[in-house]
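Novice:
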Amino acid sequence: MTGPDGRTKIPADRQVFQDLRSFWKPLMEELPMAMFIDDSLCTACGCCMDECDKNHAISEGDPAYVIDPAKCTECKGDAPAPKCQPVCPVEAIQKKA
Ligand code: SF4
Ligand code: SF4
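Note that numbering that gives the first Met the number 0 gives residue 51 to position 52 of the sequence shown, counting from 1, and the numbers run on in steps of one.
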């Protein structure tokens with residue numbers, strides 16, 4: 000479908016979606032990278048804390064351990080993959096979608 004100027008016309012609802020995506024994209028890119036701990040799974044064993052020996056992003060919380068998103072780099076530049084994730088026996092450490 001083309002408009003009077005010969006350019007492809009985008010249906011209004013699709014245009015709204017594109018506008019929203021343009022608005023959010025730069026904001027999403029600004030968000031810090033981070034893993035998080037699912038507090039419904041964490042048993043507070045503490046195994047993960049020592050793995051974060053460079054950024055010290057993991058701390059003991061109540062009731063679960065927590066990852067500080069401002070400190071977590073997903074181990075970029077330190078290891079090929081997040082170091083804390085594989086040591087968790089209950090798979091409570093997950094990546095933000
Ligand atoms: S992914 Fe790396 S930087 Fe982030 S909490 Fe785990 S060990 Fe620390
Ligand atoms: S290793 Fe897993 S279960 Fe243990 S404290 Fe860390 S997140 Fe919780």
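Note that the Cβ used here is the ideal one computed from N, Cα and C, for glycine as well.
Tell me where the beta strand (DSSP E) around Q93 begins and ends.
Specialist: Along the sequence shown, one-based indexing puts residue 93 at 94. Looking at the DSSP string, the run of the beta strand (DSSP E) that includes Q93 is I92 to K94.
Novice: Going straight from the alpha carbon of K75 to that of D38, what length do you get?
Specialist: Start at 1 with the first residue of the sequence shown, and residue 75 comes out as number 76. Start at 1 with the first residue of the sequence shown, and residue 38 comes out as number 39. Whole-angstrom Cα-Cα distance: 24 Å.
Novice: Given this structure, state the Cα-to-Cα distance separating M34 from D52, to the nearest angstrom.
Specialist: On the sequence shown, residue 34 is found 35 positions in, with the first residue counted as 1. On the sequence shown, residue 52 is found 53 positions in, with the first residue counted as 1. Distance between the alpha carbons of M34 and D52: 15 Å.
Novice: Alpha helix (DSSP H) containing E50: first to last residue?
Specialist: By one-based count along the sequence shown, residue 50 stands at place 51. That run of the alpha helix (DSSP H) goes C46 to E50.
Novice: Three-state secondary structure (DSSP) at V86?
Specialist: Working through the sequence shown from its first residue, we reach residue 86 at position 87. Here V86 sits in helix by DSSP.
Novice: To the nearest angstrom, report how far apart C95 and P68 are at their CA atoms.
Specialist: The residue given as residue 95 occupies position 96 in the sequence shown. The residue given as residue 68 occupies position 69 in the sequence shown. According to the sequence shown, residue 95 is Lys rather than Cys. Their backbone Cα atoms lie some 10 Å apart in a straight line.
Novice: State the Cα-Cα distance for the pair K82 and C47, rounded to the nearest angstrom.
Specialist: Position 83 of the sequence shown, counted from the first residue, corresponds to residue 82. Position 48 of the sequence shown, counted from the first residue, corresponds to residue 47. When rounded, the distance between both Cα atoms is 8 Å.
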